[in-house]
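To start, the structure under review is shown below, and the notes come after it.
Printed below as a string of structure tokens:
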């Protein structure tokens, strides 16, 4: 007793598929007792029509020909469930994304839709009722990355009474926002608004903070992740260190100042910045004299708290989590190889905007005095160049960095405030200032702060008499431009943070073409991923500014709170099943299972395979690996799949 | 001995005769055979074909390519303009069957267009290992800072010539460094010299070439090295015009790539035609370098 419902989806399907002809064809298929076409099956009247048909015609199996199951499978399972059917006696046939949207001729497209429906009918005819299981939820969340997005997510979740582990790979939390001087469009002091939140993290009773730490291994699934976190040795005993900075002062080994975007110099043992959380020193072995040449232990001698331990080793902590928020933020595009005509890093006065931000910042290496790197002189003419490694097909990076226009305007304003007789020039492609108050702000850079905007790209930068000549075009005037600059600031594009790709693989979530983490659906699942229980916050998902990162972090937190407020969650019944009568006990299935869901069991007079249903994710690997072919996936049995193939080839 | 077909083009038989002489000397020193194409014609780079409707700029080099097709597997065109036209003809013939047919009809037989086209840097890099050159250096050029000037048509358009990085070409450097010379960062290595605008608008050439020399001096460069006769003409021969127009006093030597290698191999400047250059200041320190 199969019913076939063909959705018109307005004109989404009906424009290229004759749904009437699909209905006519369906009526003659084996087992079909009812077929109809509905304008919007997912709408309330559409669902009611389905329920009515089930009840009036006594349907026992349903084929929904419409959109992708990723869109509405849950909707229709619920609908047929309300009609008293087992919700799994449903087959979704995708005649939209994989049919009507991608073909044009109505005859061929209709034909394909009919083939797909025939396939679905054959499959649902062999479907058996399934019962979902349930598994308990671990009531603890993991937040990976402690920039502004991770901090916000951790605090929101912790405030709801749920324990959080916040993992950060660098020695302090704060991320990129902690390096900013002011924020657009209000010119709020960045650290004034961020530092209190950082302290709150440190003090929150529900937050366990782990710095110098990275996620190493992920097992399990939504509600029940088991995750190994490696805490890297920092040679400093965190509990003892008082943050007095004596070790940093006395340390004889110089090291790059990562926090200041290498605008200054740091030491092998250091605290990144005065407001760091935790305020604890870390030692970088690759720069430390002791680890390089074997001689030195100055920091140990001078430490008044006896907090230095050169023999410290990495530790690995394993914890259970119900949900994960990824908030690994962004890195900056390395322009040096792709823009050889800008000097490949050979001119010290061509810098990226983050380094310039550190030169503007009162807590930066120059105390907020703008000094150019080559000779420490105060620059007068400053050229900003937008879209370096963004919106540039020639280097394979077509996307907009989405914040460059705004921070260049901000930096031009701050420059004028720092050096009143300075002149800023901004080479731009378009000024993209779509946020609230953004366009007004960008205009003020011109009207009130005298920044000269030049529409065009820069072709070359070369040195002349201690200055840099910036050669570009003014596409509005149709002319070539040459500016003698003291300092050139590049608005470089945003990339995923270093190591984001590896983390994505460990979490089994996808990334987009540029390596940013992929959301579940661009409109409807902006913080979810394709792996249940793993959520996204901030620039790890794509370039965004602070307000957008914070908003997304709040949304991710809400999802986590919703998930972890449940005692247990329903698990899919579409899991593997071993026919133990025929199992030979080779355990190839156990070896290929990525979820550790197959165990040995004493049965049938020997050792045979057994599926732990609560761990199985229904991926089907064991199904394929089983030499005698005695493992099947419920809802995706070999019978069903072969029947589908036969129908398509008919 | 590896032998190549050789397309000298008009410049190497006239205004850049010293390029031809020095190329043959270097080739000979390393056992590279050069067989000049018989009955070759204009490469198509002269302004005339461009202005007469375009297609001659393809058909003329197509004929040269066809002649080369009967000879060795590869043809070398030292002049950057000739090289570019041969590559262009090959590019167009490869993707346009209809053009192949028309060209074949004009030639009276199916056009041969698949001969490998090499420029002089490519050829020498293939035949001479930097280590070998270094061992054979008679006059080490240590202490010289050479500015590698590639010009535009050797590396552009990249989809046609497919040679080196169009924004930062570096293929000349290894052999030059093997002579002991330094090749410091030179940001104008592909900047336009003004090309054949010298005929129509001389000021434009003077302005463009002046800036290249100015930046070279700013970078501490003792001499520019090029593979293009037209660039050489604009940068070297016109230095007097530049000085007259701008009141400058430039005497920056500009050498062909093959002349530098020839010098390092111990040839006298006169043997390499360097004495024919307008900027003869060069001799003063070049001979000292020996």
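Chains as they are written, first to last, in my numbering: chain F, 10 to 659; chain A, 150 to 439.
All C-beta atoms, glycine included, are put in the ideal place defined by N, C-alpha and C.
Beta-bridge pairing of residue i - partner residues as DSSP gives them
| i | result |
| --- | --- |
| residue 618/F | 609/F |
| residue 269/F | DSSP lists no partner for residue 269/F. |
| residue 45/F | 14/F |
| residue 339/F | 505/F |
| residue 480/F | 469/F and 491/F |
| residue 432/F | 390/F |
| residue 372/A | 295/A |
| residue 406/F | 401/F |
| residue 240/F | 222/F and 324/F |
| residue 510/F | DSSP, once it has assigned bridges, lists no residue as partnering residue 510/F. |
| residue 74/F | 15/F and 102/F |
| residue 197/F | 192/F |
Residues near residue i in its chain [Cβ-Cβ closer than 6 angstroms; skip 5 each side]
| i | result |
| --- | --- |
| residue 410/F | 399, 502, 503 and 552 |
| residue 413/F | 395 and 500 |
| residue 28/F | 15, 17 and 46 |
| residue 425/A | 167 |
| residue 645/F | none |
| residue 154/F | 336, 337 and 338 |
| residue 226/A | 156, 232 and 235 |
Residue i - containing beta strand (DSSP E), residue span
| i | result |
| --- | --- |
| residue 144/F | 142–145 |
| residue 390/F | 390–397 |
| residue 330/F | 324–330 |
| residue 464/F | 461–464 |
| residue 174/F | 173–176 |
| residue 152/F | 150–153 |
| residue 151/A | 151–155 |
| residue 663/F | Any question about residue 663/F goes unanswered here, given that chain F covers just 10 to 659. |
8 angstroms CB neighbourhood of residue i in its chain, flanking five on each side removed
| i | result |
| --- | --- |
| residue 433/A | Unreliable placement is indicated for residue 433/A, whose pLDDT of 49 sits below 50; the coordinate value is still reported in the next sentence. Nothing meets the Cβ criterion. |
| residue 492/F | 390, 392, 434, 478, 479 and 481 |
| residue 2/F | No answer is possible for residue 2/F: the residues shown for chain F start at 10 and end at 659. |
| residue 144/F | 232, 233, 577, 578, 580 and 623 |
| residue 313/F | 251, 253 and 255 |
| residue 604/F | 228, 229, 230, 624, 625, 626 and 628 |
| residue 230/A | 158, 160, 192, 194, 302, 377, 378 and 379 |
Same chain, Cβ closer than 7 angstroms to residue i, neighbours up to 5 away in sequence not counted
| i | result |
| --- | --- |
| residue 285/A | 414 |
| residue 368/A | 296, 333, 334 and 335 |
| residue 438/A | With a pLDDT of only 45 at residue 438/A, under the threshold of 50, the placement of this residue in the model should not be trusted, and no figure is reported. |
| residue 525/F | 505, 549, 550 and 551 |
| residue 385/A | 403, 426, 427 and 428 |
N-terminal and C-terminal residue of the alpha helix (DSSP H) that residue i is part of
| i | result |
| --- | --- |
| residue 158/F | 157–168 |
| residue 179/A | Note, residue 179/A: premise wrong, no alpha helix (DSSP H); not H, not E. |
| residue 424/F | 413–427 |
| residue 544/F | Counting along the chain, residue 544/F falls outside any alpha helix (DSSP H), though it belongs to the beta strand (DSSP E) covering 543–545. |
| residue 302/F | 298–302 |
| residue 28/F | 28–36 |
Residue i versus the options, residue with shortest Cα-Cα distance
| i | options | result |
| --- | --- | --- |
| residue 274/F | 66/F, 374/F, 182/F and 302/F | 374/F |
| residue 568/F | 547/F, 534/F and 472/F | 534/F |
| residue 212/F | 287/F, 222/F and 263/F | 287/F |
| residue 25/F | 94/F, 453/F, 55/F and 108/F | 108/F |
| residue 431/F | 341/F, 494/F and 488/F | 494/F |
| residue 471/F | 514/F, 354/F and 405/F | 354/F |
| residue 66/F | 11/F, 129/F, 132/F and 325/F | 11/F |
| residue 588/F | 611/F, 619/F, 41/F and 573/F | 619/F |
| residue 328/F | 595/F, 237/F, 305/F and 226/F | 237/F |
Contact list for residue i against chain C, beta-carbon separation under 8 angstroms
| i | result |
| --- | --- |
| residue 355/F | No chain C is part of this structure, whose protein chains are labelled F and A. |
Query raised in the report: How about the stretch 99–108 of chain F and the stretch 116–128 of chain F: do they share at least three Cβ pairs that are nearer than 8 angstroms?
Result: Yes: the two stretches touch, three or more of their Cβ pairs being nearer than 8 angstroms.
Query raised in the report: Any chance the stretch 193–205 of chain F sits against the stretch 217–233 of chain F, with 3 or more Cβ pairs inside 8 angstroms?
Result: Judged by Cβ distances under 8 angstroms, the stretch 193–205 of chain F makes no contact with the stretch 217–233 of chain F, as fewer than three pairs qualify.
Requested in this report: Could you tell me whether the stretch 127–141 of chain F touches the stretch 306–323 of chain F, where touching means 3 or more Cβ pairs closer than 8 angstroms?
Outcome: Counting Cβ pairs under 8 angstroms, fewer than three are found: no touch.
Query raised in the report: Between the stretch 240–253 of chain F and the stretch 288–297 of chain F, are three or more C-beta pairs nearer than 8 angstroms?
Result: As far as the Cβ criterion goes, the stretch 240–253 of chain F touches the stretch 288–297 of chain F, which means the pair count is three or higher.
Requested in this report: Could you say if the stretch 534–546 of chain F and the stretch 241–261 of chain F meet the contact criterion of at least three C-beta pairs nearer than 8 angstroms?
Outcome: For the pair of segments examined, the stretch 534–546 of chain F was found not to touch the stretch 241–261 of chain F: the number of CB pairs separated by less than 8 angstroms stays below three.
Query raised in the report: How do the stretch 204–224 of chain F and the stretch 162–177 of chain F stand: do at least 3 beta-carbon pairs fall below 8 angstroms, yes or no?
Result: Touching, per the Cβ criterion.
**Report entry** Meets three-Cβ-pair contact criterion under 8 angstroms: the stretch 233–253 of chain A and the stretch 211–221 of chain A
**Finding:** Output reads yes: the stretch 211–221 of chain A touches the stretch 233–253 of chain A.
Query raised in the report: Pairing CB atoms from the stretch 264–278 of chain A with CB atoms from the stretch 338–351 of chain A, are three or more of them under 8 angstroms?
Result: No contact exists between the stretch 264–278 of chain A and the stretch 338–351 of chain A.
Query - Stretch pair the stretch 366–381 of chain A + the stretch 297–313 of chain A: three plus CB contacts closer than 8 angstroms - result: Contact annotation: the stretch 366–381 of chain A touches the stretch 297–313 of chain A, with at least three C-beta pairs closer than 8 angstroms.
Query raised in the report: Counting pairs of Cβ atoms below 8 angstroms between the stretch 153–167 of chain F and the stretch 179–187 of chain F, do you hit three or more?
Result: Enough Cβ pairs lie closer than 8 angstroms, so yes.
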